[in-house]
DNA sequence: CTGAGATCCTGGGGGC
DNA sequence: TGCCCCCAGGATCTCA
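In my numbering, the protein residues as written are 43 to 313.
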């Protein structure tokens with residue numbers, strides 16, 4: 043599942059490979075893919091535009107066009123944005139294709155077709171419901187503590203809520219909670235100050251380390267070049283139920299369900 | 001406001 | 001071993 047580090051890696055790859063290119067044609071091959079505006083209008087609006095920048099907001103990839111509009115891409119679970127060279131083979135399950143004037147192509151491929159593409163106008167507040175970016179100055183320990191106050195839901199659910207902090211998904215929520223030694227089902231508002239500070243640091247650290255390793259490939263994720271990430275080798279709990287905890291080396295990692303999501307943690311280390 | 005459940009879709013894992 | 005069934009999972013919408 044592409045989360046913040048994976049989308050950041052994709053966006054950096056796109057920055058190198060497609061910024062400056064002009065879209066000759068856009069093709070929506072699978073009609074039921076959620077593309078806005080729909081159908082012919084989407085293709086017509088993109089044709090002739092030049093890509094001027096790519097960036098990330100939460101788990102969204104943003105492709106900025108010279109028209110001032112932006113193409114906002116949500117990859118959900120299995121979405122991919124992969125660039126193929128002129129004359130190269132087609133890409134599997136490529137449901138939306140941007141063909142550039144130089145022959146290269148940007149593929150929006152998605153096995154489960156949950157991904158979405160949306161063309162937004164200049165200045166449109168498409169991200170108004172997204173919370174703070176965890177890797178910016180605005181995400182301070184004090185800000186985090188303030189956000190937690192009074193929240194009765196689990197800290198795991200809080201971390202997954204994109205309206206609070208944008209970009210954390212199931213993998214990095216589990217990893218950050220392990221690093222901070224906090225039970226995933228603890229009520230968010232009940233964390234001690236010290237625990238909240240540990241979690242704040244853990245979130246920032248795990249996301250940064252994952253970006254350094256170009257993201258986590260546990261199932262479908264690949265970057266814009268079609269390459270897997272490397273952070274799956276650094277995961278301490280996610281998907282590792284039954285294995286000994288690498289910190290206490292006493293307790294085995296368990297899998298429970300918290301906030302309707304599979305959650306991996308160490309009963310001994312995380313309180 | 002807040003939390004829970006349904007929804008979408010398919011590969012792959014678990015169960016028999 | 002092989003086959004079939006079931007279900008995870010992010011965001012969004014509806015409902016209590």
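C-beta atoms are modelled at their ideal positions from N, C-alpha and C, and glycine is treated no differently.
{"Query": "Of the choices 213, 104, 106 and 166, whose alpha-carbon is the least far from that of residue 304?", "Result": "213"}
{"Query": "So, residue 51 versus residue 256, is the Cβ gap smaller than 8 Å?", "Result": "yes"}
{"Query": "Under three-state DSSP, which class holds residue 287?", "Result": "coil"}
{"Query": "Put residue 190 into one of helix, strand or coil per three-state DSSP.", "Result": "helix"}
{"Query": "When burial is assigned at 16 or more other CB atoms within 10 Å of the CB, is residue 190 buried or exposed?", "Result": "buried"}
{"Query": "If contacts are defined as beta-carbon pairs under 8 Å, then residue 248 and residue 221 qualify, I think. What distance do you get, rounded to the angstrom?", "Result": "6 Å"}
{"Query": "Measure the C-alpha to C-alpha separation of residue 119 and residue 154 and round it to an integer number of angstroms.", "Result": "8 Å"}
{"Query": "If you drop the 5 nearest sequence neighbours on each side, which residues of the same chain put their C-beta closer than 8 Å to that of residue 145?", "Result": "127, 128 and 129"}
{"Query": "In the DSSP assignment, the beta strand (DSSP E) including residue 70 goes from what residue to what residue?", "Result": "65-70"}
{"Query": "Between which two residues does the alpha helix (DSSP H) carrying residue 120 extend?", "Result": "Per DSSP, residue 120 belongs to no alpha helix (DSSP H) and is neither H nor E."}
{"Query": "Where residue 175 and residue 181 are concerned, what is the direct C-alpha to C-alpha distance, given to the nearest angstrom?", "Result": "7 Å"}
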